[in-house]
Amino acid sequence: MNETHYQARRQKLLASIEEGVAILSSSPLKIRSNDTEYPYRQNSDFYYLTGFEEANALLVLVKTKEIERSILFVEPYSDEFALWNGARLGVEGAMKRFEVDEVHSILEYPNHIKEILREHIALYFDFHDDSNHLKLAQQSAKELRESRGVKRYIRSFHDVTHWTRSMRLIKSSEEIDKIRYAISLTALAHHEAMKQCQNGLREFELQACMSYIFLSNGAMNEAYGAIVAGGNNANTLHYIDNRDVLKEGDLVLIDAACEWELYASDITRTFPVNGKFTEAQRAVYEKVLDVQLRVIEAMKPDVKRDWLQSYSEELLCQALIDLGILNGEVSTLLEAKAHKKYAPHGIGHWMGLDVHDPCPYVDESGESLAFMAGMVMTIEPGIYIKAEDESVPLKYRGIGIRIEDDILITESGCENLSSMIAKTIEEIEEMCKS
Ligand SMILES: [Mn+2]
273 MNETHYQARR QKLLASIEEG VAILSSSPLK IRSNDTEYPY RQNSDFYYLT
323 GFEEANALLV LVKTKEIERS ILFVEPYSDE FALWNGARLG VEGAMKRFEV
373 DEVHSILEYP NHIKEILREH IALYFDFHDD SNHLKLAQQS AKELRESRGV
423 KRYIRSFHDV THWTRSMRLI KSSEEIDKIR YAISLTALAH HEAMKQCQNG
473 LREFELQACM SYIFLSNGAM NEAYGAIVAG GNNANTLHYI DNRDVLKEGD
523 LVLIDAACEW ELYASDITRT FPVNGKFTEA QRAVYEKVLD VQLRVIEAMK
573 PDVKRDWLQS YSEELLCQAL IDLGILNGEV STLLEAKAHK KYAPHGIGHW
623 MGLDVHDPCP YVDESGESLA FMAGMVMTIE PGIYIKAEDE SVPLKYRGIG
673 IRIEDDILIT ESGCENLSSM IAKTIEEIEE MCKS
């Protein structure tokens, strides 16, 4: 993605807000322990508007009736920092690279911010931003309001992420390419896990063979903490211990995927540890797969996400009846939320710069959003039957299955971006054999 993409996004944001000043911060560095830090990950909204990956930076957008300006504040270049950590872009480097109107050192921000805010009536910021930079802006706004002779001052606050995240809903072809690339590496990793899997391995050994594929292909980060859950561990939805032994006759559920240039993928596959589904596993697997395929089939522009959710719950409820896990009428069971015991989570979520992209699910009037071409949503039905659940036929106890793909809405319907990953029983058993 080149600089004009980010510039176009800033212009679009400026065009959609009223007069005022918008402040967006980079992510802070986070201490892991003592003086070591977690690997740095830029704030997605900030990155979306700048493409800038360094910490301790700010984007300030200014809009009046006459002018629109983008101002970037960055850490200055320092020889000392370059010696220990590598060179920062610095003010001159950032001015050359980014198509913003001004770049200043972050050290000068306190001097600039009061001037920038003068005569403005609205401040746009991320309500979750608890940086000192933002606190200073709010303090400056307060001081301006109390100064003599100031006629126009900040009198309203707006959540800037309302606009950035609405923009992030529709992915450009460049963004989709990055998602596709992340998925292509994730596909390799899932296939490798299927090939390597055998009785007696530890869950983390499968995780390690996937991480090796990500890293050795240059995907420096995973999009979220990997779940490698053998047998009944799959019934803990966010199981991340990944330390148990994989046992003969069990399934293993793997929900793991990498990030490529900050764009996520999010894939789950469930397969037999020994490469061969038992009859009971096959029965549940086929039901979950059937639900997933039917839900994907229904995705196209103008379909509402809420409808898709209810539709998937109906299908899952019917599947649970067919398996003999629930008894009764679909409508009565749905009303009583009986299916939630075995299918507790939603059918899917937006995906993009964040694995759970925080884009809106409702429109301005509070109605469920209708799909539009360029949106990306995961579809991940699951059925989870705890080992100790005596209300369920014995053969099903301890089975937990989720199947998750990443779906792009297109003009005419949808495209499963992860359709190359083994998913049918035949494909999985074949992959496990190789
Ligand atoms: Mn997911």
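The sequence shown begins at 273 in our numbering and counts up by one. All C-beta atoms in this analysis are idealised placements derived from N, C-alpha and C, irrespective of residue type, glycine included.
Exclusion of His510 from the 8 Å shell around ligand 1 follows from its C-beta lying no nearer than that to any non-hydrogen atom of the ligand. Around the beta carbon of Tyr656, 16 or more other beta carbons lie within 10 angstroms, which makes this residue buried. Inside the region 641-669, DSSP marks whole beta strand (DSSP E) runs of 3 or more residues at positions 648-651, 654-656, from first to last along the chain. Bounds of the alpha helix (DSSP H) holding Asp578 are 577-594. Within the chosen limit of 8 Å, ligand 1 reaches the beta carbon of Val627 through at least one heavy atom. His510 counts as exposed, since fewer than 16 other C-beta atoms from the protein chains shown sit within 10 angstroms of its C-beta. In this structure, Thr650 sits away from Ile697, with a CB-CB distance that is not shorter than 9 Å.
Assignment of Val346 by DSSP, reduced to helix, strand and coil, places it in the strand class.
If you compare the alpha carbons of Gly292, Leu321, Glu290, Ser299 with that of Glu275, the shortest gap goes to Leu321. In the three-state reduction of the DSSP assignment, Arg515 falls in the coil class, being assigned neither a helical nor a strand state. At a cut-off of 8 Å, the beta-carbon of His621 counts as near ligand 1: some heavy atom of the ligand is closer than that. Counting only runs that start and end inside the region 539-583, the beta strand (DSSP E) elements of at least 3 residues fall at 540-544.
The beta carbon of Glu652 sits closer than 8 Å to at least one heavy atom of ligand 1. The beta carbon of Asn471 sits closer than 8 Å to those of Leu518, Lys519, Glu520, Val545, Asn546, all from its chain and outside the five residues before and after it, given in chain order.
Scanning its chain for C-beta atoms nearer than 8 Å, with the 5 sequence neighbours on each side dropped, one finds around Arg369 the residues Glu275, Leu361, in chain order.
For Glu676, the Cβ falls inside the 8 Å cut-off from some heavy atom of ligand 1. At least one heavy atom of ligand 1 falls within 8 Å of the beta-carbon of Thr540.
Looking only at Ala610, Pro573, Ala461, the smallest Cα-Cα distance to Ser537 is reached by Ala461. With a cut-off of 8 Å, the C-beta of Asp574 is classified as distant from ligand 1, since no heavy atom of the ligand falls inside that distance. When only Cα atoms are considered, Ala495 and Asp626 end up about 8 Å apart.
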